[in-house]
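Enquirer: Protein chains in written order, with the working numbering: chain A, 3 to 381; chain B, 3 to 381; chain C, 3 to 381.
The beta-carbon is built from N, C-alpha and C at its ideal position, and this holds for glycine as well.
If you're wondering where the values come from, they're calculated on a predicted model, not measured in any experiment.
#1: Helix, strand or coil, according to DSSP, for residue 363 of chain C in the structure here?
#2: Residue ranges of each beta strand (DSSP E) run of no fewer than 3 residues wholly in the stretch 293-326 of chain A, ordered along the chain?
#3: On the three-state DSSP scale, how would you describe residue 251 of chain B?
#4: I'd like to know if the stretch 61-77 of chain A and the stretch 106-123 of chain A are in contact, where contact means that at least 3 CB-CB pairs between them fall below 8 Å.
#5: Using a Cβ cut-off of 9 Å, which residues of the stretch 349-360 of chain A contact any Cβ in chain C, in chain order?
#6: How many angstroms separate the CA atom of residue 184 of chain C from the CA atom of residue 159 of chain C?
#7: Where does residue 348 of chain C sit, in a helix, a strand or coil, going by DSSP?
#8: Applying a beta-carbon distance threshold of less than 7 Å, which residues of chain C neighbour residue 214 of chain A?
#9: What are the start and end residues of the beta strand (DSSP E) that includes residue 147 of chain C?
#10: With a threshold of 6 Å on Cβ separation, who are the neighbours of residue 104 of chain B within its own chain once the five nearest residues in sequence on each side are excluded?
#11: Do the CB positions of residue 66 of chain A and residue 144 of chain A come within less than 8 Å of each other?
#12: Is the Cβ of residue 30 of chain B closer than 8 Å to any Cβ of chain A?
#13: Whose C-beta lies closer than 6 Å to the C-beta of residue 287 of chain B among residues of the same chain, with five residues either side of it excluded?
#14: Let's test the definition: count the other Cβ atoms within 10 Å of the Cβ of residue 148 of chain A and tell me whether it reaches 16, buried, or not, exposed.
#15: Does DSSP put residue 167 of chain C in a helix, a strand or coil?
#16: Below 7 Å CB to CB, which residues in the same chain sit around residue 256 of chain B once its five sequence neighbours on both sides are set aside?
#17: Give every residue of the same chain whose Cβ lies closer than 8 Å to the Cβ of residue 25 of chain A, excluding the five residues on either side of it in the sequence, and list them in chain order.
#18: Taking the alpha helix (DSSP H) that residue 378 of chain B falls in, what are its first and last residues?
#19: What are the start and end residues of each continuous beta strand (DSSP E) run of 3 or more residues lying completely inside the stretch 27-63 of chain A, in chain order?
#20: Alpha carbons only, please: which of C:152, C:244, C:40, C:54 is nearest the one belonging to residue 296 of chain C?
#21: Give me the DSSP bridge partner(s) of residue 81 of chain B.
#22: Counting only C-beta atoms, is residue 20 of chain B closer than 8 Å to chain A at any point?
#23: Any heavy atom of the ligand NAP inside 7 Å of the beta-carbon of residue 30 of chain C?
#24: Measure how close the beta-carbons of residue 292 of chain B and residue 275 of chain B come, nearest whole angstrom, since I'm counting them as under 8 Å.
#25: May I ask you to list, following chain order, the residues of the stretch 191-222 of chain A that have a beta carbon less than 7 Å from some beta carbon of chain B?
#26: Between the alpha carbons of residue 85 of chain B and residue 109 of chain B, how many angstroms are there, rounded?
#27: Any idea which residues DSSP pairs residue 190 of chain B with across the strands?
#28: Please name the residue, chosen from C:249, C:206, C:210, C:58, that lies closest to residue 226 of chain C on a Cα-to-Cα basis.
#29: Secondary structure at residue 356 of chain B, three-state DSSP: helix, strand or coil?
#30: Could you tell me whether any Cβ in chain A is nearer than 8 Å to the Cβ of residue 67 of chain C?
#31: Whose C-beta lies closer than 8 Å to the C-beta of residue 283 of chain B among residues of the same chain, with five residues either side of it excluded?
#32: Using a 10 Å radius around the Cβ and a threshold of 16 neighbouring Cβ atoms, would you call residue 258 of chain C buried or exposed?
#33: For the stretch 53-67 of chain A and the stretch 92-102 of chain A, state whether three or more C-beta atom pairs, one from each stretch, are separated by less than 8 Å.
#34: Using a C-beta cutoff of 8 Å, does residue 342 of chain C count as contacting chain B?
#35: Buried or exposed for residue 339 of chain C, going by 16 or more other Cβ atoms inside 10 Å?
#36: Is it buried or exposed, residue 322 of chain C, if we count other Cβ atoms within 10 angstroms and call 16 or more buried?
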């Protein structure tokens, strides 16, 4: 997109052009070919532990309803009545006793999606004289898989293999077993924070992927991980992560001690911080005593909601122990990062960014993310 | 629009596809070919009883000014000065003494639209040396007819016959004389309510046309009209209407007695409720002692303002009798209906509604409305 | 655009069609071919007197940063970091000590735009082994000229001659020396007012250019300049201006005396009011003892911000003398004018204005402005 004479020197790689961050057409293509076609992390499974518990989640442009069945299975459906299109659930979450009933005309669905009742529906027959197919007119199912204690959903009729998600996650860590040792699925949510960010989702991904900005905007994080002052991101070093500073006792805002290290991790994983990007919308930070798990909800080209969970052992959460020192550290990092992204968004429409900006060497791995986006959009 | 294999069984008819309820292009076509081409009910004539009284009404995308002339005639004009385009009237309603004067440059129009004065205008001549044609540069007239005590306007240069509006109205009732017996033109407005509904206007029409939802969301209405529990709409039964329940004394929220029945109606019309849809934007309910008259103002694909008049005899209104029992019944019905429509609007953009939903047999008459909309858009 | 049979008589000239005032496409073309291609008056130079003082200004769709260098020169740049696009300055104005540092990754620019520092940048080389060109990756400069005490900027890579701006300004006044006699560059800002107007920028230009509305909406102005009651604009009479009324001592809201006349003006300029339009966004009023200087910032097809400076001699401002009588006069005129423009904007989308309105003879000079706009858009 830049002219030959404007090629940056090899040390500098071009970013995506600015219009990729502001165009409604690009965002619509991303909705269709990324958020509505790949696996999206939707809810913490434990939030929907009991039969009949449901939660409504935005996935791409769709409202998706996740509900625990009486058989103990978690399922996902499009949140739309098959009759005249009313939303079945308008509340963000709740619990039904037995079925999901549309309040408009009382079409009623079992928790597995089957249409079980509707006024006069008993007498309806199709052209063969048979009754209405109760699954054909049941709720439209959405593919669902559980991993790391979260339910991941995919709106595609032909979802890609979920193994690809797992493989991408473990690739950053080098060893496929590394992430399993943290036992993330068995942890509890100690704290959740929701951020409404006035920036394109890709700016947030790019920010998370590099540490060239760490020395400029993250004094607390660099205090705990002094090697971040050099600007090399943890995820650019396969398997190595970043080491706590000598005087640092725990991954907390003041470097004070945290909790006991998670039971499964190795000595090598102790006193280390790992960061993983699971495209398109998940970031995970691994530290010895807790996990920080981010999910993004892209709402418009210039607005993204980010939900961040701090996960601890069931013991820590059940005992009501004070998690504020560890929460405060990454909460500040998030606020610093999102302020930087919001400062960047307005310039994406400038002629100065028409051909994009540049990536310095410690940011070069971001180009892979750009290539992935472009290849998805061209698909 | 659905593929052959997705044909619903004959008992179920497809609705319009979801995009008809959300697309800006469809809404623009509806503005042009429906709201700006057909007769639209604009104001209660009695609101503009005195010469010089005016009211500003939104018709399609136009601001229309209705004004009573000194000759007693009601007229409608585009609310735009012919000179440089300032709106003549910015207040919703009011009264002028003699003329309509544009406050920007003082171009002044008689109440019949003629340009009667403007600074320096006396000396202006056209190419033949004649003075300016005071009607050619007068206010642009809009067709207007009065019926049922309301002024109906049509923005088209070639308005369709108004008789078609009358015929459509009386068709639902079977007998052309039925509506006349209520003497609607002579009634007074006892109460007016305005609703701002976050739903497409067609969802509101469809809702009004069927009673399949009555048992689910209208307990008070079904209390008065018990046959509505079966889901058959009053307007699907030509001429018959719906009968009050045995213990019901009047069309009130608690079934208590209303007022004396309107003088002109027959015994057959007593203790009965009739509902009429006058496309595109009017709903009328006839009960023995009052009339409920709805007008819609579609503002965007997902927003419609509904104005509802409760009409009683002049005696009832002049005596200040308590109309709250009858008002409260349909006010609750309106709130229940509009909540259902607002719950339906968000799903119109879902892939689940890409080919629309289905109409059950007691809703099949809604398909005529859909065909009418599609035929207007294709015109 | 109007059909032959609808040609107005010669005394009436057509305006632009209504869509020119509401269309997003027209506004985008105006941004590109007018506001981002011609000289735009940006800031009062004296606001940025000290080295390191900066101010952020919206020019077309761009955020432009004006900053005073340590060499005393005022420069303008696109307000975008060359690395990853963060806005350098998000505050409206301020002062830096030595350099402009991007807070995201600490890329740092000298006040002449040169990239002077960035983490790791020292080791970067291009394909020839040379270091990074510090100007090629410096801030992108914007053309800047100072005149009348203001900095004017032009986003075009090939700015038109600034002499054209000067020539247009003096053409209205007949004599090229007239404006210079007021010594505008040496005056101080005694008062500034900012108006947020819900109208297209061209409606504001047209309003400023004609006085046919003066007798209708400007009682105070006509009180001071009684000849304005005839509707002939000061700028339609080359060089003549408009004369103060017999009993008027100064250009004040009550006709009371103002301040000493500006030292350079001639007797002929005394007791006279001149008005100049400098396309596209500047209006200047000259009166004997002060200058009223308007700048517009078109924000959308239907929103324009207007910033208005009242300029007096340094003596008047330094002594803190009461300028409220002169400020109040044109502040009222502005409020009256902008209310008229806001009343006009809604009708621009009416079918009544599809072919535009008409200009009466005392407004005919506005047609030149329309032709200029159309010729720019067609360019």
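Expert: So, from the listed chains and residues:
#1: Three-state DSSP puts residue 363 of chain C in a helix.
#2: Whole beta strand (DSSP E) segments, 3+ residues: 305-314.
#3: Here residue 251 of chain B sits in coil by DSSP.
#4: A contact exists between the stretch 61-77 of chain A and the stretch 106-123 of chain A.
#5: Those would be 349, 350, 351, 352, 353, 354, 355, 358, 359, 360, in chain order.
#6: Whole-angstrom Cα-Cα distance: 33 Å.
#7: Taken through DSSP and simplified to helix, strand or coil, residue 348 of chain C comes out as helix.
#8: Correct list: 107, 121.
#9: Run containing residue 147 of chain C: 143-149, per the beta strand (DSSP E) assignment.
#10: 83, 88, 90, listed in sequence order.
#11: Yes, Cβ-Cβ distance for residue 66 of chain A and residue 144 of chain A is below 8 Å.
#12: Answer no: the Cβ-Cβ gap between residue 30 of chain B and chain A never drops below 8 Å.
#13: Only residues of its own chain outside the window of five on either side were considered, and among them 277, 294 have a CB closer than 6 Å to the CB of residue 287 of chain B, listed in chain order.
#14: By the beta-carbon neighbour count (other beta carbons within 10 angstroms, threshold 16), residue 148 of chain A is exposed.
#15: Here residue 167 of chain C sits in helix by DSSP.
#16: Excluding residues within five positions, the ones whose Cβ falls inside 7 Å are 327.
#17: Taken in chain order, the residues that qualify are 303.
#18: That run of the alpha helix (DSSP H) goes 368-380.
#19: The stretch 27-63 of chain A contains these whole beta strand (DSSP E) runs: 42-46, 55-61.
#20: Proximity to residue 296 of chain C across C:152, C:244, C:40, C:54 peaks at C:152, based on C-alpha coordinates.
#21: Per DSSP, none; premise fails for residue 81 of chain B.
#22: Contact with chain A is found for residue 20 of chain B, since one of that chain's Cβ atoms lies less than 8 Å from the residue's Cβ.
#23: For the structure depicted, the ligand NAP is absent and the ligand set is empty, with no information on it obtainable.
#24: Not really, about 11 Å apart at Cβ, beyond 8 Å.
#25: Those would be none; no residue qualifies.
#26: Approximately 7 Å between the Cα atoms of the pair.
#27: Residue pairing by DSSP places residue 190 of chain B opposite B:314 in a beta bridge.
#28: Distances from the CA of residue 226 of chain C to each of C:249, C:206, C:210, C:58 were compared; the closest alpha carbon is that of C:249.
#29: Correct three-state label for residue 356 of chain B: coil.
#30: Not one chain A Cβ lies under 8 Å of residue 67 of chain C.
#31: Within the same chain, Cβ atoms closer than 8 Å to the Cβ of residue 283 of chain B are found at 37, 42, 43, 203, 297, 298, 299, 300, the five residues on either side in sequence being excluded.
#32: Label assigned to residue 258 of chain C: exposed.
#33: Two segments are said to touch when three or more pairs of C-beta atoms, one from each, lie closer than 8 Å; by this definition the stretch 53-67 of chain A touches the stretch 92-102 of chain A.
#34: Nearest CB-CB separation between residue 342 of chain C and chain B: below the 8 Å threshold.
#35: The residue is buried, with at least 16 neighbouring Cβ atoms inside 10 Å.
#36: By the neighbour-count rule (16 or more Cβ atoms within 10 Å), residue 322 of chain C is not buried but exposed.
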